[in-house]
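Per the numbering used here, residue 5 is the first one in the sequence shown, and the count goes up by one each step.
Glycine included, C-beta positions come from ideal geometry on N, C-alpha and C.
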Amino acid sequence: LEKTRRTLQEEESGKLEMHNKFMSTKKGEMSSLKDEKVEKKNTLTESRISLVELKHILEQSQKKVQEVTKIAKETSDLCHAKEESYKVRSTEREQELAALK
């Protein structure tokens, strides 16, 4: 009976030791997972901030493109108008020179 009791106690202490090691390992894993979770949350927050900044830059760039396109069209229209005006002046000048001859 004493042998059985000692055997059971030894088995129990061995199982208790294994359980404690198991729990220690799991606590370590939980700590590691918590750290990883915090790191991923930080990365997600940084990514969201970056996305907002990039959207703002995109909006500004689109506005600038619209402004530059508008200016380019105005300049092109002005060039065409001046070209037409020059053609008319040139034609009139040639007619004046021909009339003087």
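Rounding to the nearest angstrom, what Cα-Cα distance links residue i and residue j in this structure?
i: N24; j: T47; result: 34 Å
i: E78; j: E98; result: 30 Å
i: E14; j: M27; result: 20 Å
i: E88; j: D81; result: 11 Å
i: K105; j: S94; result: 17 Å
i: E40; j: E33; result: 10 Å
Residue i lies in the alpha helix (DSSP H); which residues open and close that run?
i: L37; result: 6-104
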